[in-house]
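The block underneath contains the structure these notes are about, expressed in structure tokens.
Number of protein chains: 2
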Amino acid sequence: MIVVYAKSIVLEKNIDKYLEIAKKLAEETRKEKGNIFYEMVQDKNNRSVLAFIEKWENMEVLDKHMKTPHFTTFVPQLNELREGESELAIHEVLF
Amino acid sequence: MIVVYAKSIVLEKNIDKYLEIAKKLAEETRKEKGNIFYEMVQDKNNRSVLAFIEKWENMEVLDKHMKTPHFTTFVPQLNELREGESELAIHEVLF
Numbered sequence: 001m002i003v004v005y006a007k008s009i010v011l012e013k014n015i016d017k018y019l020e021i022a023k024k025l026a027e028e029t030r031k032e033k034g035n036i037f038y039e040m041v042q043d044k045n046n047r048s049v050l051a052f053i054e055k056w057e058n059m060e061v062l063d064k065h066m067k068t069p070h071f072t073t074f075v076p077q078l079n080e081l082r083e084g085e086s087e088l089a090i091h092e093v094l095f
Numbered sequence: 101m102i103v104v105y106a107k108s109i110v111l112e113k114n115i116d117k118y119l120e121i122a123k124k125l126a127e128e129t130r131k132e133k134g135n136i137f138y139e140m141v142q143d144k145n146n147r148s149v150l151a152f153i154e155k156w157e158n159m160e161v162l163d164k165h166m167k168t169p170h171f172t173t174f175v176p177q178l179n180e181l182r183e184g185e186s187e188l189a190i191h192e193v194l195f
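Note that the protein sequences, when read in sequence, are chains A and B.
In terms of this note's numbering, the first sequence has 79 at position 79, counting the first letter as 1, and numbering is strictly consecutive.
Convert by adding 100 to the 1-based position in the second sequence; the result is the number in this note's numbering.
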């Protein structure tokens, strides 16, 4: 099982728009086979730190996810609204 | 709802011991009221990056968790086995 932690920095002025797009992405992603959860979280100490926490059955379904129309449509839109690169960590669940 | 991402760097020689203690901590933590999940994950690109991903009903139960005997016993033991400080991010779940 795979857990993804994808963290972005989003300026205050862009947060509402960012979340609006992220919500559409989440809605579609949760329908995918092999997605266990997909959540948008915000750092309690810094509103500009927004992260997706995602759980997937395996790498194959995660790879498929990154080729879906909702991913290839919405992720570039999110990229426009974040500062710098997002920090992506892909993990194996040990226990 | 609260999501915690607590990341540590653990040298290869200490990983087995670290995971042994982390497993005991996880077993006890999962029995706590208000814990939704508590998982140990390992970065797929770097075995030395180990993280707890945790979900809690609210901050109150998370605060209580940090005062439990299993937390105050096992976390200092884990601290001895990691390199430097662990990186702790506490998030509010937005959706």
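Positions of the beta carbon are idealized from the N, C-alpha and C atoms, including for glycine.
Sequence-distant residues of the same chain with beta carbon closer than 6 Å to residue i, five excluded per side
| i | result |
| --- | --- |
| I136 (chain B) | K155 |
| E87 (chain A) | K7 |
| A89 (chain A) | Y5 |
| H91 (chain A) | V3 |
| E139 (chain B) | I153 |
Chain A residues whose Cβ lies nearer than 9 Å to that of residue i
| i | result |
| --- | --- |
| H170 (chain B) | Under the 9 Å cutoff, chain A gives no residues; its nearest Cβ is about 15 Å from H170 (chain B). |
| D143 (chain B) | A89, I90, H91 and E92 |
Where residue i meets chain B, residues with beta-carbon distance less than 9 Å
| i | result |
| --- | --- |
| E28 (chain A) | Residues of chain B passing the Cβ test: none, with the nearest at roughly 13 Å. |
| L97 (chain A) | Residue numbering for chain A in the displayed model covers 1 to 95; residue 97 (chain A) lies beyond these limits and cannot be assessed. |
| I53 (chain A) | V103, Y105, I153, K155, H191 and V193 |
Delimiting residues of the alpha helix (DSSP H) encompassing residue i
| i | result |
| --- | --- |
| E78 (chain B) | With chain B running from 101 to 195 in the structure shown, residue 78 (chain B) is simply not present. |
| E80 (chain A) | P69 to L81 |
Own chain partners of residue i with C-beta closer than 8 Å, once the 5 adjacent residues on each side are dropped
| i | result |
| --- | --- |
| H170 (chain B) | K124, L125, E128 and T129 |
| I21 (chain A) | F74, Q77, L78 and L81 |
Own chain, CB closer than 7 Å to residue i, minus 5 neighbours either side, in chain order
| i | result |
| --- | --- |
| L111 (chain B) | S148 and E183 |
| E185 (chain B) | none |
7 Å Cβ cut-off: residues of chain A touching residue i
| i | result |
| --- | --- |
| M140 (chain B) | L94 and F95 |
Residue i beta carbon near the ligand ZN (any heavy atom closer than 7 Å)
| i | result |
| --- | --- |
| L111 (chain B) | No copy of the ligand ZN occurs in the structure displayed, which carries no ligand at all. |
Beta-carbon neighbours of residue i, restricted to chain A and to distances below 8 Å
| i | result |
| --- | --- |
| A106 (chain B) | Those within 8 Å of A106 (chain B) in chain A number zero; the least Cβ separation is about 11 Å. |
Opening and closing residue of the beta strand (DSSP E) in which residue i lies
| i | result |
| --- | --- |
| M140 (chain B) | N135 to D143 |
Residues that residue i contacts on chain B, provided the C-beta gap is smaller than 7 Å
| i | result |
| --- | --- |
| K23 (chain A) | F195 |
So, does the region 116-129 of chain B touch the region 43-62 of chain A, judging by three or more C-beta pairs under 8 Å?
no
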